[in-house]
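First the structure, in the form of structure tokens, and then the observations on it.
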Amino acid sequence: MEIAQTIFREFWKDATLPVDAKIQTHMKVMLEHLNELSEYLSQLIPLKNQIAYQCILFEVKRSIIAAQKILLLKVGAYRNREEAKQDMPAIMNLAGKIQDLMEENRCLWFKINRKSEWGYVQAKYTELYQSFLSLYRYCDNCKNLTDIKKI
4 MEIAQTIFRE
14 FWKDATLPVD
24 AKIQTHMKVM
34 LEHLNELSEY
44 LSQLIPLKNQ
54 IAYQCILFEV
64 KRSIIAAQKI
74 LLLKVGAYRN
84 REEAKQDMPA
94 IMNLAGKIQD
104 LMEENRCLWF
114 KINRKSEWGY
124 VQAKYTELYQ
134 SFLSLYRYCD
144 NCKNLTDIKK
154 I
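Using my numbering, you'd call the opening residue of the sequence shown number 4 and step up by one each time.
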């Protein structure tokens with residue numbers, strides 16, 4: 004249960020903040036297991052509770068993206084611009100996945116009729132997406148890569 008809470012917290016964490024080194028060491032194995040779980044679940048065809056099944060698949064997908072985020076982001080600052088520029092395509096790829104995930108979450112949200120609370124969740128996704136864009140700009144334009152307490 005604790006690992007699930009940690010992954011959930013790390014998913015919503017600002018992308019410009021450093022990742023916890025203890026978590027990052029276990030994420031490669033966790034990502035492999037999550038991918039296996041996703042493949043297994045996608046092969047199932049539920050006869051009942053279709054929306055619940057879609058929500059479970061969504062949660063696994065969000066956990067996979069969280070694990071990818073934890074593996075991508077650094078524990079400390081970039082040492083040089085070349086190192087930062089290497090991560091730029093992956094940062095934008097993950098930002099795009101966040102946007103896709105937000106749209107999928109929105110569709111599921113309205114299927115279960117929780118319209119009154121969607122604005123807050125949408126704002127959280129937007130903040131997360133903006134933090135990835137900020138990290139991208141930082142990697143592209145920052146002269147001194149250790150000048151911020153963030154990555």
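Just so you know, even glycine gets a beta-carbon here, dropped at the ideal spot from N, CA and C.
In terms of Cβ geometry, L34 and A70 form a close pair [threshold 7 Å]. One alpha carbon belongs to E42, the other to F113, and they sit about 26 Å apart. In terms of Cβ geometry, I73 and M30 form a close pair [threshold 7 Å].
DSSP, reduced to helix, strand and coil, places V78 outside both helices and strands of the structure shown, so it counts as coil.
W15 and Y128 have their C-alpha atoms spaced approximately 8 Å apart.
Taking C-beta atoms under 8 Å as the contact rule, L44 and V63 qualify, at a distance of about 6 Å. F135 is a Cβ neighbour of A98, given a cutoff of 7 Å.
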